[in-house]
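Quick notes on the structure that follows.
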Amino acid sequence: MKALSARQPWAWLIVHGHKPVENRTWPTSHRGDTLIHAGLEFDAEGLQSVLHAFPDLQPLLPAQYELGGIVGRAQLIACVTQHPTRWFTGPYGFVMHDPKPMPLVKLRGQLGFFDVPMSPLLHDALHRAGSSAAEAEAAGQERLF
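Residue numbers (this note's numbering): 31 to 175.
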């Protein structure tokens, strides 16, 4: 499966359905199932900007974010240069659909999209994230979540 790394709190915001667009400086042709990886670094300044811009959102305290592994999955359905959400800052936005958090699977991240081999831990985490993830896995990661 393909994975994309983001620093926390951004990864948490994506997998919990608060942030429908992941901003990047580069476009992608990848579409489909995407694992969301939380990097080892925490973006404290980013958390402050989220709290300022979205006062009704109640994210976790910095020490509560999981770091250094797969924290969820989503369906990447488009790469856009404009999007109506306030989360879009561009120049490119990866539009995420049907996000699901999952138990942390420790894994070293990489830049850009990277391949994650199926392991027993990842398999179990995908199944705990919901039956649709298990169905997609069984279908060779081709089915929409």
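The C-beta atom is built at its ideal place from N, Cα and C for all residues, glycine as well.
Starting from VAL146, follow the alpha helix (DSSP H) in both directions and report where the run begins and ends.
-> Counting along the chain, VAL146 falls outside any alpha helix (DSSP H), and DSSP gives it neither H nor E.
Looking at C-alpha atoms only, which residue of ALA33, ASP86, GLY69 is the closest neighbour of TRP40?
-> GLY69
Is the CB-CB distance between HIS134 and GLU96 below 8 Å?
-> In the sequence on display, residue 134 carries Leu and not His. Taking 8 Å as the Cβ cut-off, LEU134 and GLU96 qualify as a contacting pair.
DSSP-derived helix/strand/coil call for PRO121 = coil
Considering only C-alpha positions, which residue in the set GLN112, ARG54, PHE143 is nearest to LYS32?
-> PHE143
State buried or exposed for ALA166, treating a residue as buried only when at least 16 other CB atoms are found within 10 Å of its CB.
-> Interpretation of ALA166 is limited by its pLDDT of 41, a score under 50 that renders its predicted location unreliable; no figure is taken from the coordinates.
State the CB to CB distance for the pair VAL51 and GLY139, rounded to an integer number of angstroms; the pair is presumed to be in contact (CB under 8 Å).
-> Taking C-beta atoms under 8 Å as the contact rule, VAL51 and GLY139 fail to qualify, at a distance of about 20 Å.
Per DSSP, what kind of secondary structure is GLY99 in: helix, strand or coil?
-> strand
Taking DSSP as the reference, what is the three-state secondary structure of GLN171?
-> With a pLDDT of only 38 at GLN171, under 50, the local geometry of the prediction cannot be trusted, and the value read off the model is given with reservation. It is coil, neither helix nor strand.
Name the residue from THR64, TRP42, LYS49 whose alpha carbon lies nearest to the alpha carbon of ILE107.
-> THR64
Collapsed DSSP secondary structure at HIS153 in the structure displayed = helix
Straight-line Cα distance separating LEU81 from GLY102 = 22 Å
Whole-number beta carbon distance between HIS46 and PRO129, since they are thought to touch under 8 Å = 7 Å
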